[in-house]
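Chemist: I have a structure I would like to understand better, so I am pasting it below and will then ask my questions one at a time.
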Amino acid sequence: MSGTTATVLLEIHTSALAGMRGGPGNFAQWAAVAAADDYPDADLSEELFRSYLVSGEEALIALWRRHLTAWDFAEDPRWAKDAPTRTDERRTAIYDRLRFGSDVRKALDNAIPVAKVPAPTVITRDFSPWYTPERAASRSFYWAAYERKLRAKGWSDAAIASLDEASRAVVERLTDPEQSDARQAKGLVVGYVQSGKTANFTGVAAKAIDAGYRLVIVLGGTLNLLRRQTQRRLDMELIGQENILRGADVTDLDSLVGVDYVGDDEDWPAFVQHGGRPSALGAFDIERLTTRDNDYKSLAQGIRALEFEKREPARPLHDPVNLHHAAARILVVKKNKSVLSKLVKDLKQIHGLLSELPALIVDDESDQASVNTLDPKKWQQGSTERTAINGLVSQLLKLLPRAQYVGYTATPFANVFIDPGDDEDIFPSDFLISLPRPAGYMGAQDFHDLDSAIPREERTYANSQERTHIRDIYESTGDRLQEAMDAFVLSGALKLYRADHGVPDGPFRHHTMLVHQSVRKDDHAELALQINSMWHQAGYSSTAGHERLAELWVSDFAPVGEARAADLPAPASYEELRPYVNAARQRIGSGGQPVIVVNGDSDRYFDQLDLDFDRTPHVWKILVGGTKLSRGFTVEGLTITYYRRTTQQADTLMQMGRWFGFRPGYRDLVRLYIGREEPFGRDKYADLYEAYEAICRDEETFREQLAQYAVVVDGKPQITPMQVPPLVAQHLPWIRPSARNKMFNAELVEIRSPGRPIEPASYPVSSAALKRNTERWRPLLDALSPAPVTFSNPPDASSSLTRTFEALSGTVSHADLLAVLSQLEWERPGHFDPHLTYLSQLDGTLAKVDDWLLISPRLAASTRVEASVLGSVPLSLVRRSRQTGKTSFGRIASVEHRTAAQRLIDEVSSAHEAGDGGSSIGSRTGVALLYPVVEGDSHSDVQAAVRSGAADPAKIVMAFTLIPPTSAASTDRRLVRFRAKNSRHGDEATVPMPAS
3 MSGTTATVLL EIHTSALAGM RGGPGNFAQW AAVAAADDYP DADLSEELFR SYLVSGEEAL
63 IALWRRHLTA WDFAEDPRWA KDAPTRTDER RTAIYDRLRF GSDVRKALDN AIPVAKVPAP
123 TVITRDFSPW YTPERAASRS FYWAAYERKL RAKGWSDAAI ASLDEASRAV VERLTDPEQS
183 DARQAKGLVV GYVQSGKTAN FTGVAAKAID AGYRLVIVLG GTLNLLRRQT QRRLDMELIG
243 QENILRGADV TDLDSLVGVD YVGDDEDWPA FVQHGGRPSA LGAFDIERLT TRDNDYKSLA
303 QGIRALEFEK REPARPLHDP VNLHHAAARI LVVKKNKSVL SKLVKDLKQI HGLLSELPAL
363 IVDDESDQAS VNTLDPKKWQ QGSTERTAIN GLVSQLLKLL PRAQYVGYTA TPFANVFIDP
423 GDDEDIFPSD FLISLPRPAG YMGAQDFHDL DSAIPREERT YANSQERTHI RDIYESTGDR
483 LQEAMDAFVL SGALKLYRAD HGVPDGPFRH HTMLVHQSVR KDDHAELALQ INSMWHQAGY
543 SSTAGHERLA ELWVSDFAPV GEARAADLPA PASYEELRPY VNAARQRIGS GGQPVIVVNG
603 DSDRYFDQLD LDFDRTPHVW KILVGGTKLS RGFTVEGLTI TYYRRTTQQA DTLMQMGRWF
663 GFRPGYRDLV RLYIGREEPF GRDKYADLYE AYEAICRDEE TFREQLAQYA VVVDGKPQIT
723 PMQVPPLVAQ HLPWIRPSAR NKMFNAELVE IRSPGRPIEP ASYPVSSAAL KRNTERWRPL
783 LDALSPAPVT FSNPPDASSS LTRTFEALSG TVSHADLLAV LSQLEWERPG HFDPHLTYLS
843 QLDGTLAKVD DWLLISPRLA ASTRVEASVL GSVPLSLVRR SRQTGKTSFG RIASVEHRTA
903 AQRLIDEVSS AHEAGDGGSS IGSRTGVALL YPVVEGDSHS DVQAAVRSGA ADPAKIVMAF
963 TLIPPTSAAS TDRRLVRFRA KNSRHGDEAT VPMPAS
């Protein structure tokens, strides 16, 4: 090997890459320049570089990972020649610019694969680009500091690049803070429950401040505890030590009076350090108008707190001459009527300046109440509080004509898209950004076998999320509360074992179990007493207790760990784990109190509770709580959740999402004990797991739909934020907007679905309507042949076996199918109209569909109930349930059936592209899956719908999934069309309801 060491090569490569500010260039030339003075004899060959890559030289690989990732993610750079971001094509374009040979390219690809993570989905109206890469790079003091902090926390280059991209997507759609005309932009950022939305808005705040925004108001939760958490996070990761100290000497106690964190926060050394006062380093300071312990009371130094010193007094503050030398101000205020009223009152007394002040309002958890509730009335009851808060935010926007508003929410079904009565002043008229699911996040896909084609009897810990994490509670299983508590102790012991065997213990600092069984506070006290008694009687230091834990280890945690965490250290036996069980027991039982009741919603309650995960070294406790546990309150270290509902009233389901989040080093230990037949209403039972899965599926489908419609066609967006409300209404047909005097202006006219499934869910509830619909379908049933045919799905990622099912099938003309679909009744009138508008144009007007392959699947013989429908050939009846408390069904088509239908459509498309005619259906043929559905909870409900071999047409829901051929597309490639109900106000989201 050459005498050029890895350290020398690293220095040369660092210098060479630093010079490529405009993008990748001829690397050999840049390296030669970098080496000329200090290392003229260095070996700069590709062979040496490749050898260090292959041998795993960490520092060199880290350097290249940072630069390659930045170029992989760069948005529309001239040098990329239109190669899309995060693709092999983009990476090839980078290597071409660097002039690398094939061996180095291969070594770099092996060491640093392209991070093919999804981009954020951006629904936007046209905007004037101002936040160019050059402008962002020229003023990046606080973003650069934040980026360094994230690297120090262990964020990967891809995660940072993804955050950079998503935060840039927000900032570039705000108004240029330097422009002379005042303009407000309003947007909404949609993340996931407990998925790191704070990181995004911290990045947005950093970039916005760098760009020239000089007042940032963060609305941070409804409790002091939540506001403090947000303030601390911004202080630690953005504002930094020097801005907090403001010249105070940390060694002089007198100068530290009124300074927070120093001396009472063990993480103070980890707060961002800028290396001096930013204003002395050529940047500008940030002044905090709120602190960790002090919410907004009044402007601290009176009106002077918002006095900005201008270099050119005759020019406005937003003039670049003044703007970039002025200090920024940040407030983190509680989302509370009295606090916001004080702020509005104080700002009203400031004259002149506010019209010149570029401001940013960040509204964390912008949804005061979630629509994800089993009872829509509950959602509507929250509108009064929403109206009061939104009214005050509207006043802030009126006082600050240069203010930009960005809301953050965990659900795409945000109130602002559902209720036209939610004040239009905060409607996100400029942009909606849906963030991608972050790496390492445990969400719906990690607790539910969404779209899994694996038969239930073949599911294992290795191939099933449900088998791994879900522990069902039925009447037949008993309450399993003791087992859940044992799982909490055992998982705590495994965390301690792993920490003792080299796994970073930061994520194990807190270890919690959440028990939610009732919404009533009296029940919580009683349950806490019960759990406390169970804890002291559990005998965790006795032979019987250890035998019980050993059994749970062998039957559950050991096999799950083997299947899901084979890379983590594991004890060979329970005996090896036993000492850690004792240590976990001691931590949980410390202070003689293993249980904490968390059911208050006031600041005083939480102050007494002293449950601050930021400031408490170790919280290892069982938390008993209800729906009063405020939104935004993150239960850190949550590993075991016990979720039931014993009261017979509707309950919010978003609370359940608390078990979503990041679980580094202990994903395999997470367990959810959940009620599968809980009392609901009179003589009804709710499966809480299925109910939540239905909500998650709705949300994921909607996110996918937004991503489809976000694709720009001929330089124009297919959809703007104004047009999102009618799309949301398609997914939530049971919700009725509560505003009586306003309506959303956009009306959904058409949804086009070439090659994609159409699966309506809002079927009628009325027996008479069901019977009429069944009668309308009857003529088409004659097309079904009495002899079943076999459909198959080849081996894929879900199974190594070929799967088959039988079905009756036949072909019907497009005109005949359309005639039936046009007559159908729906629970919500007009629900199917946008699809019908599209389908009705497939007669050659938009595209041509000749016919449809009708498929009526047969269930397995062991569970099959066959019956004639109004004299048809016997059909296999299917049992489905409407979502709890709603009129719509969950998924109709089974995964296997839909996969087979989609494959038929895709095969035609692939054959057409390849010029091959070898497909089983024609290029102008669609596929229709047809199911005679009986609504019910058990097999006996299906049998009860049949008498003498005939199904009762009033008990049959003729449900279907349609997949039009891929060729059924318009030449303009648009997938969705809207119109304004009031065209004179086409740019307004809401308009007055016409007088009746």
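So the number in our numbering is just where the residue sits in the sequence shown, counting from 1, plus 2.
Where is the CB? At the ideal position from N, CA and C, for every residue including glycine.
#1: Rounding to the nearest angstrom, what Cα-Cα distance links V944 and A688 in this structure?
#2: Roughly how many angstroms separate the alpha carbons of A982 and R646, rounded to a whole number?
#3: Excluding five sequence neighbours on each side, which residues of the same chain lie with their C-beta closer than 7 Å to the C-beta of W66?
#4: Is the distance from the Cβ of E48 to the Cβ of G5 below 8 Å?
#5: Which ranges does the beta strand (DSSP E) cover as unbroken runs of at least 3 residues, wholly within the region 766-819, from first to last along the chain?
#6: Determine the direct distance from the alpha carbon of F449 to that of T375, and round the result to whole angstroms.
#7: Please report how far the alpha carbon of D84 lies from the alpha carbon of T813, in whole angstroms.
#8: By how many angstroms is the C-alpha of F129 removed from the C-alpha of G354?
#9: Apply the 10 Å Cβ neighbour rule to F980 and answer buried if 16 or more other Cβ atoms are within range, or exposed otherwise.
#10: Would V106 and R153 qualify as a contact pair, given that the criterion is a beta-carbon distance under 8 Å?
#11: Can V119 and R93 be called in contact, C-beta distance under 8 Å?
#12: Among residues of its own chain, excluding the 5 on either side of I861, which ones have a beta-carbon nearer than 6 Å to its beta-carbon?
#13: Suppose contacts are defined by Cβ-Cβ distances below 8 Å. Is A748 in contact with P727 by that definition?
#14: For Y542, which of helix, strand or coil comes out of DSSP?
#15: When you compare only the Cα positions, how much space is there between S794 and T804?
#16: At what residues does the beta strand (DSSP E) containing Y644 begin and finish?
#17: Nearest to L786 by CA position, among L932, A64, S940, E937, is which residue?
#18: Touch check for the region 204-221 and the region 665-683: three-plus C-beta pairs under 8 Å?
#19: DSSP three-state call for F203: helix, strand or coil?
#20: Given this structure, state the Cα-to-Cα distance separating Q651 from Y691, to the nearest angstrom.
#21: Inspect the beta-carbon positions of E937 and R884 and report whether they are closer than 8 Å.
#22: Does DSSP put N296 in a helix, a strand or coil?
#23: Would DSSP call V323 helix, strand or coil?
#24: Which residue comes first and which comes last in the beta strand (DSSP E) that contains T411?
#25: Do you know whose CA, among A527, D269, R229, lies nearest D366's CA?
#26: What's the call for V323, buried or exposed, on a 16-neighbour Cβ count within 10 Å?
#27: Could you pull the DSSP bridge partners for G222 from this structure?
#28: Quick one: residues in its chain with C-beta nearer than 7 Å to the C-beta of L498, no 5 flanking neighbours on either side, listed in chain order?
#29: Could you check the C-alpha separation between V751 and E868 for me, to the nearest Å?
#30: For V730 and V713, what's the separation of their Cα atoms in angstroms?
#31: Which residues does DSSP list as the beta-bridge partners of F928?
#32: Considering only DSSP beta bridges, list what T963 is partnered with.
#33: Do the CB positions of L399 and I332 come within less than 8 Å of each other?
#34: Near R101, which residues of its chain fall below 7 Å by C-beta distance, leaving aside the five closest residues on each side in sequence?
#35: Would you call the CB atoms of V851 and G757 closer than 8 Å?
#36: Taking its Cβ as the centre, do 16 or more other Cβ atoms sit within 10 Å of G639, making it buried, or is it exposed?
Modeler: According to the data block:
#1: 19 Å
#2: 45 Å
#3: L110, I114
#4: no
#5: 791-795, 805-815
#6: Note that T375 scores a pLDDT of 39, beneath 50, so its modelled location is shaky; the value from the coordinates is reported in the next line. Between T375 and F449, the C-alpha separation is close to 20 Å.
#7: 44 Å
#8: 28 Å
#9: buried
#10: no
#11: no
#12: The sequence given here has Leu at residue 861, not Ile. The answer, listed in chain order, is S878.
#13: yes
#14: coil
#15: 7 Å
#16: 640-645
#17: L932
#18: no
#19: helix
#20: Low per-residue confidence applies at Q651: pLDDT is 36, beneath 50, and the placement is therefore not dependable, though the value from the model is reported in the following sentence. Roughly 17 Å between the two C-alpha positions.
#21: yes
#22: coil
#23: helix
#24: 405-411
#25: R229
#26: exposed
#27: D366
#28: Y582, A585, A586
#29: 39 Å
#30: 18 Å
#31: The displayed chain sequence assigns Gly, not Phe, to residue 928. The partner list for G928 (beta bridge, DSSP) reads W854.
#32: L931
#33: no
#34: N28, F29, A30
#35: no
#36: buried
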